[in-house]
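When we follow my numbering, the leftmost residue of the sequence shown carries the number 165, and every step to the right adds one. Here a beta-carbon is modelled for each residue, glycine too, at the ideal position from N, C-alpha and C. These figures come from a predicted structure and were not determined experimentally.
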Amino acid sequence: MMPENPQTDVVTGAFSYSGAAIARELLSAGHRVRTLTGHPDRAPAGTPIDVRPLDFTDIDELTRHLQAAHTLYNTYWVRFPHGGVTHETGVSNSRVLFEAAARAGVQRIVHVSITHADPASPYSYFRGKAAVEAHLKATGVPYAIARPVIFFGANGVLLNNIAWLLRRLPVFAVGGRGDYRVRPIHVDDMARLCAELGSREDNVTLDAVGPDSVTFRDMVDAIRTATGSRAVIVPAPGWLMPPLSGILGAALRDVLLTRDEYQAMAAGLADSDAPSTGQTSLIDWIAKHGDTLGRSYASELNRHYR
């Protein structure tokens, strides 16, 4: 039953991936949900979500859209540079969003960042995420920062597209020995964590990670087994992975894996030694979803730019 005076929360990108999971979690808890989205036309018919445009060029409009909201759940970011949009664009836009939230009187901000966010990182993704965290802290609004590594579950891109390739290619290349570790979290576990962080009052930063820390090679092997793939998994020199991904991406009219993404993963930045904040086992989930995983390709560019 809906509370008599339900809390209103704002979620950026409530029709995307992690934003959609957070919105579902909040709605199930009886909250009113408003979204700021760059694709208001994608709102499904009859949605209970209040849909507003996400326009970083008009801070006054953003402020109006954030008024009367208790918590802002921010999932906005730029995964990779495309066209005129860069990581620097993501930092600038995030600063505008946080300033609008402060002006609107938002009482708390829950922000989705990345593990190992670092202003001194050699990778612009991690530097940018660190800069966004700094802008958030400077607003003076109470905050929680959740730092995931990789998401899985529902209609996630990474595991699905690995499975899609394994179903179709005779050979699948893994950079180096593939012994660099990853610590993904299920997107629904992430949503529950964000909702819990939204109910707190303290400023907190924590890693959002699942119970399984596995090597990339072991993850690929698990997907191969679950899907019944007969692809031969072969090691390839690390320097070869970005151009190989670029060739496949050009054929698919998409971006599979950037140079920085591969190098950061190979450097161990997709792992964490923090306590688990998710309950869903990556390996168990892969085994249970092998029949459906990778049946169709998930295009990152279609989701965000087309």
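Residue from the options whose Cα sits closest to the Cα of residue i
{"i": "Thr369", "options": "Ser460, Pro399, Thr441, Thr199", "result": "Thr441"}
{"i": "Ala184", "options": "Asp343, Pro312, Val351", "result": "Val351"}
{"i": "Ala209", "options": "Gln171, Thr253, Phe179, Ala318", "result": "Phe179"}
{"i": "Ala438", "options": "Ile186, Asp376, Gly248", "result": "Asp376"}
{"i": "Gly402", "options": "Leu420, Val174, Gly342", "result": "Gly342"}
{"i": "Asp214", "options": "Asp224, Ile223, Asp222, Ala232", "result": "Ala232"}
{"i": "Tyr289", "options": "Leu446, Leu465, Gln427", "result": "Gln427"}
{"i": "Ile314", "options": "Ala414, Asp353, Glu297", "result": "Asp353"}
{"i": "Asp424", "options": "Tyr237, Leu416, Arg417, Gly410", "result": "Gly410"}
{"i": "Arg388", "options": "Trp328, Ala415, Thr199", "result": "Trp328"}
{"i": "Arg228", "options": "Pro283, Ala266, Thr444", "result": "Ala266"}
{"i": "Ala302", "options": "Arg467, Phe316, Asp382, Leu261", "result": "Leu261"}
{"i": "Tyr181", "options": "Asp382, Ala355, Leu218, Asp222", "result": "Ala355"}
Distance between residue j and residue i (C-alpha atoms, nearest Å)
{"i": "Met429", "j": "Glu263", "result": "32 Å"}
{"i": "Ala207", "j": "Val270", "result": "24 Å"}
{"i": "Lys452", "j": "His203", "result": "32 Å"}
{"i": "Leu226", "j": "Leu333", "result": "46 Å"}
{"i": "Pro245", "j": "Leu300", "result": "22 Å"}
{"i": "Arg291", "j": "Thr456", "result": "36 Å"}
{"i": "Gly304", "j": "Thr201", "result": "24 Å"}
{"i": "Leu404", "j": "Pro286", "result": "20 Å"}
{"i": "Leu323", "j": "Pro399", "result": "19 Å"}
{"i": "Glu252", "j": "Gly340", "result": "31 Å"}
{"i": "Arg347", "j": "Leu357", "result": "16 Å"}
{"i": "Val321", "j": "Ala268", "result": "34 Å"}
{"i": "Gly247", "j": "Arg216", "result": "24 Å"}
{"i": "Ala318", "j": "Ala395", "result": "24 Å"}
{"i": "Gly362", "j": "Ala284", "result": "29 Å"}
{"i": "Gly254", "j": "Phe316", "result": "23 Å"}
{"i": "Thr172", "j": "Ala310", "result": "21 Å"}
{"i": "His275", "j": "Val197", "result": "16 Å"}
{"i": "Leu408", "j": "Thr422", "result": "10 Å"}
{"i": "Leu230", "j": "Asp382", "result": "44 Å"}
{"i": "Tyr237", "j": "Thr199", "result": "9 Å"}
{"i": "Arg467", "j": "Asp205", "result": "13 Å"}
{"i": "Thr211", "j": "Tyr461", "result": "26 Å"}
Beta-carbon proximity list for residue i, same chain, < 7 Å, skipping 5 on both sides
{"i": "Arg364", "result": "Ala308"}
{"i": "Ser393", "result": "Leu330, Arg331"}
{"i": "Gly413", "result": "Val419, Leu420"}
{"i": "Val249", "result": "Val242"}
Sequence-distant residues of its chain with Cβ nearer than 6 Å to residue i (five each side left out)
{"i": "Asn257", "result": "Phe220"}
{"i": "Tyr240", "result": "Thr176"}
{"i": "Ile349", "result": "Pro312, Ala372, Val373, Gly374, Gly442"}
{"i": "Lys293", "result": "Ser277, Ile278, Ala281"}
{"i": "Ala386", "result": "Ile447, Ile450"}
{"i": "Gly454", "result": "Ala390, Thr391"}
Short CB-CB distance (under 8 Å) between residue i and chain C
{"i": "Phe290", "result": "Judged by its chain identifiers, the structure shown contains no chain C, having just a single protein chain."}
Same chain only: Cβ atoms within 8 Å of residue i, ignoring 5 sequence neighbours per side
{"i": "Arg345", "result": "Ser377, Val378, Thr379, Phe380, Gly432, Ala434, Asp435"}
{"i": "Ala359", "result": "Ile186, Glu189, Leu190, Ala193"}
{"i": "Pro306", "result": "Gln271, Arg272, Ile273, Glu365, Asp366, Asn367"}
{"i": "Val384", "result": "Ile326, Leu330, Phe336, Val338, Gly342, Ile397"}
{"i": "Arg259", "result": "Val296, His299"}
{"i": "Leu417", "result": "Residue identity check: residue 417 is Arg in the sequence provided, not Leu. Hits under 8 Å: Ser463, Leu465."}
{"i": "Ser445", "result": "Gly374, Pro375, Asp376"}
Cβ-based burial, residue i [other Cβ within 10 Å; buried from 16]
{"i": "Pro406", "result": "buried"}
{"i": "Ile326", "result": "buried"}
{"i": "Arg459", "result": "exposed"}
{"i": "Thr235", "result": "buried"}
{"i": "Asp224", "result": "exposed"}
{"i": "Ala390", "result": "buried"}
{"i": "Tyr469", "result": "exposed"}
{"i": "Ala415", "result": "exposed"}
According to DSSP, residues forming a beta bridge with residue i
{"i": "Phe220", "result": "In the DSSP output, where bridge partners are listed per residue, Phe220 has none listed."}
{"i": "His275", "result": "Asn238, Ile309"}
{"i": "Leu370", "result": "Ala310"}
{"i": "Phe336", "result": "Ile397"}
{"i": "Leu404", "result": "The partner list for Leu404 (beta bridge, DSSP) is empty, contrary to what the question assumes."}
{"i": "Ile447", "result": "In DSSP, Ile447 forms no bridge with anything."}
{"i": "His246", "result": "Val249"}
Any non-hydrogen atom of the ligand SAH within 7 Å of residue i CB
{"i": "Asp448", "result": "Absent from the structure shown: the ligand SAH. Ligands present: none."}
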